[in-house]
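Enquirer:
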Amino acid sequence: MRKLLVLGVVAALIVVGCIKSSDMGNCTPQPVAVEMPAMQKFAADSAMAVQQDATGILYQIIDPGTGAQPAVTDSITINYVGRLVSNGQQFDAANNVTFKLSELIEGWQIGIPKIKVGGKIKLIMQSSLAYGCTGSGPIAPNQPLYFYIELLGARSK
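Note that full-length UniProt numbering numbers the sequence shown so that position 135 is 135, with each residue one more than the last.
#1: Leaving aside the five residues before and after Ala68 along the sequence, list all residues of the same chain whose C-beta is less than 7 Å from its C-beta, in chain order.
#2: Hey, which unbroken runs of the alpha helix (DSSP H) at 4 residues or more fall wholly within the stretch 25-81?
#3: In whole angstroms, what is the alpha-carbon distance linking Thr98 and Thr77?
#4: Mapping DSSP to helix, strand and coil, what is Ile115?
#5: Helix, strand or coil for Gln109, going by three-state DSSP, please let me know.
#6: Round the Cβ separation of Val50 and Leu145 to the nearest angstrom and send it over; I've been treating them as touching at under 8 Å.
#7: Please go through the same chain and pick out, in chain order, the residues whose beta-carbon is closer than 6 Å to the beta-carbon of Ile149, but skip the five residues on each side of it.
#8: Taking the CB atoms as reference points, tell me whether Ser156 and Asp74 lie closer together than 9 Å.
#9: Nearest to Tyr131 by alpha carbon, out of Gly107, Pro113, Leu123 and Lys114?
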């Protein structure tokens, strides 16, 4: 009886594993050109004077900062707020949190080094530089995101 139970659990795990991997195969990232109109509308509706970099990120430097410029390999301390571009709903926020920049979403790895410690930046990024076609928690797949970030510190490791 015990062997049957173990065999049943193993079989269930295999089935669940197959479902997940087949779902991932259907994941199709959105081209930035598809998401750009919504990103530009969010910027206009928010009265942001944005620039666009080569990756497609829209950004506005509120304060360039005067301290060290972070490298992707640094640990950074930040305050931030994240909102969905689709409806402006806040999905996350934190104050005085420290992360290793290289372990964060690609849009932050590209955007945060545009300022120095003490700086503030607004970023609007396409989903491919955030959570892509899989999403995360309240963030739907292929969802462009907005972040307001204050860079409090950067430390090399």
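Cβ coordinates follow ideal geometry from the N, Cα and C atoms, glycine included. Everything numeric in this text was worked out from a predicted model, so none of it was measured.
Expert: Inspection of the coordinates gives the following:
#1: Lys116, Val117 and Ala154
#2: 32-45
#3: 4 Å
#4: coil
#5: helix
#6: Contact flag wrong, Cβ pair sits at about 14 Å.
#7: Ile78, Tyr80 and Ile121
#8: yes
#9: Gly107
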